[in-house]
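A.B. asks:
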Amino acid sequence: MNAQTEKLRLAGAAGVIEALRDVPPPGVHPRGVAVIAHPHPLFGGTMDNKVVQTLARAFVGAGWTAVRFNFRGVGTSEGAHDEGRGETDDMLALVQQVAPEGPLSIAGFSFGAFVAINALQTLWSSREVERVALVGASVARVPPPPLPVDSHERVLVVHGEQDDTVALAAVMDWARPQSLPVT
Numbered sequence: 012m013n014a015q016t017e018k019l020r021l022a023g024a025a026g027v028i029e030a031l032r033d034v035p036p037p038g039v040h041p042r043g044v045a046v047i048a049h050p051h052p053l054f055g056g057t058m059d060n061k062v063v064q065t066l067a068r069a070f071v072g073a074g075w076t077a078v079r080f081n082f083r084g085v086g087t088s089e090g091a092h093d094e095g096r097g098e099t100d101d102m103l104a105l106v107q108q109v110a111p112e113g114p115l116s117i118a119g120f121s122f123g124a125f126v127a128i129n130a131l132q133t134l135w136s137s138r139e140v141e142r143v144a145l146v147g148a149s150v151a152r153v154p155p156p157p158l159p160v161d162s163h164e165r166v167l168v169v170h171g172e173q174d175d176t177v178a179l180a181a182v183m184d185w186a187r188p189q190s191l192p193v194t
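Below is the structure:
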């Protein structure tokens, strides 16, 4: 958190969602809103994860307002883990409240990337999503659907060669048929 961080409590599909909004410094007009999802809640993932915080700082540094949130059942967010289905609903509910219109980016780390991919399936048909950042995408155990074809030029996939949770080969197998570059 920084001086421009605001604590939020928003309505989600399973109850209140706890979120933090980081804004660019005074005098910088935000380019839009970036909504960032965290790693798997059953393995300690929260909106305070260092990768999620780094994504938020990067978006704010690029002039975006960044909103990170705790999925249902994490922190003070209400509800219980729902294997990605309810968490996708949480992300969509959050987008409706913090960015009902205007430029939108979505991002996620690990399980959060899986949720962002699923949220994009709904968002893409109804509004413009300027950027999608998928870090350490969880694509092995339950492969997410392919991304909408016309979204590919807006997607950044980042994955570590030594990731011990999801092998780089699994991410490449998911990304290759879509011609998505993996960094």
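Numbering (this note's numbering), first residue to last: 12 to 194.
Note that beta-carbon positions come from the ideal geometry of N, C-alpha and C, so glycine has one too.
#1: On a Cα-Cα basis, can you pick out the residue from GLY90, PHE80 and VAL153 that is closest to LEU19?
#2: Look at the alpha carbon of THR99 and the alpha carbon of ALA130, and state the distance between them as a whole number of angstroms.
#3: Return the residue from the list ALA45, GLY55 and ALA30 that minimises the CA-CA distance to GLU89.
#4: Looking at the strands, I want to know which residues DSSP matches up with GLY23.
#5: Determine contact between the segment 65–79 and the segment 28–48, defined as no fewer than three beta-carbon pairs at a distance below 8 Å.
#6: Where does PHE125 fall in DSSP's three states?
#7: Evaluate the contact criterion for the segment 135–144 versus the segment 171–184: three or more CB pairs, one atom per stretch, below 8 Å.
C.D. replies: With the given structure in hand:
#1: PHE80
#2: 6 Å
#3: ALA30
#4: GLY26
#5: yes
#6: helix
#7: no
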